[in-house]
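Below is one structure, written out as structure tokens; the observations come after it.
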Amino acid sequence: MITLHCSPPHQSPVVFSNISAILFDKDGTLVRSEDFLRNLAQRRARLVDVQVPGVQEPLLMAFGVEGQQINPAGLMAVGSRQDNAIAAAAYVAETGRDWFEAMTIVDQAFQEADQYGSVKTANLNAKAEATPLFEAARSLLLSLAHQGVRLGIISGDTTANVEAFVAVSDLKDVIALAWGADRAPAKPDPACFQAACAALGVDPSQTLMVGDGTGDMAMGRSAGAAGCIGVTWGWSAPFSLHHADVILTGWEQWCGAPPA
Numbered sequence: 000m001i002t003l004h005c006s007p008p009h010q011s012p013v014v015f016s017n018i019s020a021i022l023f024d025k026d027g028t029l030v031r032s033e034d035f036l037r038n039l040a041q042r043r044a045r046l047v048d049v050q051v052p053g054v055q056e057p058l059l060m061a062f063g064v065e066g067q068q069i070n071p072a073g074l075m076a077v078g079s080r081q082d083n084a085i086a087a088a089a090y091v092a093e094t095g096r097d098w099f100e101a102m103t104i105v106d107q108a109f110q111e112a113d114q115y116g117s118v119k120t121a122n123l124n125a126k127a128e129a130t131p132l133f134e135a136a137r138s139l140l141l142s143l144a145h146q147g148v149r150l151g152i153i154s155g156d157t158t159a160n161v162e163a164f165v166a167v168s169d170l171k172d173v174i175a176l177a178w179g180a181d182r183a184p185a186k187p188d189p190a191c192f193q194a195a196c197a198a199l200g201v202d203p204s205q206t207l208m209v210g211d212g213t214g215d216m217a218m219g220r221s222a223g224a225a226g227c228i229g230v231t232w233g234w235s236a237p238f239s240l241h242h243a244d245v246i247l248t249g250w251e252q253w254c255g256a257p258p259a
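Quick look at the structure:
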């Protein structure tokens, strides 16, 4: 177990003791995926609009995209693929289509969006290559793993994409658990955090949750986590983050050390 020191700007340091494991969110936490997600949302909305004219702008708003900005707390940023598909299908159904037809239109548009443009997300490694690990994160992850801290990722992305990220980032020897939203229970269900802790062989009370979403923080808190570290370094637009014990704006603001 280690003691983790966090030094947020303009605040007193926060210390977490007896930490055995840390669970990370992926997008916006370990990687900067803002541009990728915005472009993907725009492709999805445009392709749905081809089949259902007039829904592009409402869909972009629902996805949390406004111009070249994406809401860090919006649907595209924090929701799973299925969450986004259901929301899009609701707008399509509002035009008078039945639900099966609406979901079919959306599924086809999402699949086409995956294969459209310069980044082909149908290739599992493509998203990982387009959204690389924050370089400053690597040394910290390696240091934590070297000290015996169990590390895992629980993400709103698919498990396949999380595993591809771990492989492309050369973290297979560092990340012991890589779970996506297609694995039940999924985040933000507190049972997801608890199940991940069980899989790592650690107690939630000795495990930290690190993420960029209020849902991450609320999940960890409800699951009995040792603490919840909110991070804002993955997004260009400011946003509110609730239920965090501490909010960090840079990787240099924390360090872990064995207890004295």
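Counting from 0, one number per residue, gives the positions in the sequence shown under numbering that gives the first Met the number 0. For each residue, glycine too, the CB sits at the ideal point set by N, CA and C. Please read all numbers here as calculations on a predicted model, not as lab measurements.
Do you know offhand how far Ser79's Cα is from Asp113's?
To locate residue 79, count along the sequence shown from 1; it is residue 80. To locate residue 113, count along the sequence shown from 1; it is residue 114. C-alpha separation (whole angstroms): 15 Å.
Which value, in whole angstroms, describes the spacing of the CA atoms of Trp234 and Leu199?
Sequence index remark: in the sequence shown, residue 234 carries index 235 (1-based). Sequence index remark: in the sequence shown, residue 199 carries index 200 (1-based). Approximately 29 Å, taken between the alpha carbons.
Which residue marks the beginning of the beta strand (DSSP E) containing Phe23, and which one marks its end?
Looking up residue 23 in the sequence shown gives position 24. Residues Ala20 to Phe23.
Among the residues of its own chain, which have a CB less than 8 Å from the CB of Pro237, if the five just before and after it don't count?
Residue numbering aside, residue 237 sits at position 238 when the sequence shown is read from its first letter. Cβ within range, chain order: Thr231.
Please report the residue range of the alpha helix (DSSP H) in which Gly210 lies.
Numbered from 1 along the sequence shown, position 211 holds the residue referred to as residue 210. From DSSP, Gly210 is part of no alpha helix (DSSP H) but of the beta strand (DSSP E) over Thr206 to Gly210.
Tell me, which residues are paired with Ile69 by DSSP?
In the sequence shown, counting from the first residue as 1, residue 69 sits at position 70. DSSP, once it has assigned bridges, lists Val64 as partnering Ile69.
Assign Gly219 to one of three DSSP states: helix, strand, or coil.
Here the question's residue 219 lines up with position 220 in the sequence shown. In the structure shown, Gly219 sits in a helix (DSSP, three-state: H, G or I).
Considering only residues of the same chain and omitting the five flanking positions on each side of Ala195, which have a CB-CB separation below 7 Å?
The residue you call residue 195 lines up with position 196 of the sequence shown. Leu22, Gly151, Ile153, Leu176 and Trp178, listed in sequence order.
What residue does the alpha helix (DSSP H) around Leu170 start on, and which one ends it?
Indexing the sequence shown from 1 puts residue 170 at position 171. Counting along the chain, Leu170 falls outside any alpha helix (DSSP H), and DSSP gives it neither H nor E.
Within the same chain, show all residues whose beta-carbon is closer than 6 Å to that of Pro258, passing over the 5 residues directly before and after it, in chain order.
The residue labelled residue 258 in the question sits at position 259 within the sequence shown. Summary for Pro258: the model assigns pLDDT 43, below 50, so the residue's position carries little reliability; its value from the coordinates is reported in the next sentence. The answer, listed in chain order, is Thr2.
Are the CB atoms of Val167 and Ile174 within a distance shorter than 7 Å?
Counting from one through the sequence shown, the residue named residue 174 turns up at place 175. Counting from one through the sequence shown, the residue named residue 167 turns up at place 168. For Ile174 and Val167, no; Cβs fall outside 7 Å.
Straight-line Cα distance separating Phe109 from Met208
Within the sequence shown, numbered from 1, the residue matching residue 208 stands at position 209. Within the sequence shown, numbered from 1, the residue matching residue 109 stands at position 110. Approximately 30 Å between the Cα atoms of the pair.
Using the Cβ count rule (16 or more neighbours within 10 Å means buried), how would you classify Glu33?
Here the question's residue 33 lines up with position 34 in the sequence shown. Classification of Glu33: buried, given that the 10 Å Cβ count is 16 or more.
In the DSSP assignment, find the beta strand (DSSP E) that holds Arg149 and state where it starts and stops.
Your numbering for residue 149 matches position 150 in the sequence shown. Arg149 -> beta strand (DSSP E) spans Arg149 to Ile153.
Going by beta-carbon coordinates alone, are Ala163 and Phe35 separated by less than 7 Å?
Against the sequence shown, residue 163 aligns to sequence position 164. Against the sequence shown, residue 35 aligns to sequence position 36. Not in contact: Ala163 and Phe35 (Cβ atoms no closer than 7 Å).
What are the boundary residues of the beta strand (DSSP E) that Leu247 is part of?
Indexing the sequence shown from 1 puts residue 247 at position 248. Its beta strand (DSSP E) spans residues Val245 to Leu247.
Residue of Arg149, Ala86 and Met75 minimising C-alpha distance to Asn17:
As a first step, residue 17 is located in the sequence shown; it is residue number 18 there, counting from the start. For the residues Arg149, Ala86 and Met75, the minimum Cα distance to Asn17 belongs to Arg149.
Check whether the stretch 239-254 touches the stretch 2-15, taking contact to mean three or more Cβ pairs, one atom from each stretch, closer than 8 Å.
yes
Beta carbon of Val30, beta carbon of Leu170: below 7 Å?
What you label residue 30 is simply residue 31 of the sequence shown in a count that begins at 1. What you label residue 170 is simply residue 171 of the sequence shown in a count that begins at 1. It is not a contact, given that the beta carbons lie outside the stated cut-off.
Closest by CA to Ala185, which one among His9, Gly219 and Gly66?
Residue 185 sits at position 186 when you count from the first residue of the sequence shown. Nearest option by C-alpha distance: Gly219.
Would you list the residues sitting across from Trp178 in a DSSP beta bridge?
The sequence position of residue 178 within the sequence shown is 179, counting from 1. Paired residues: Ile153.
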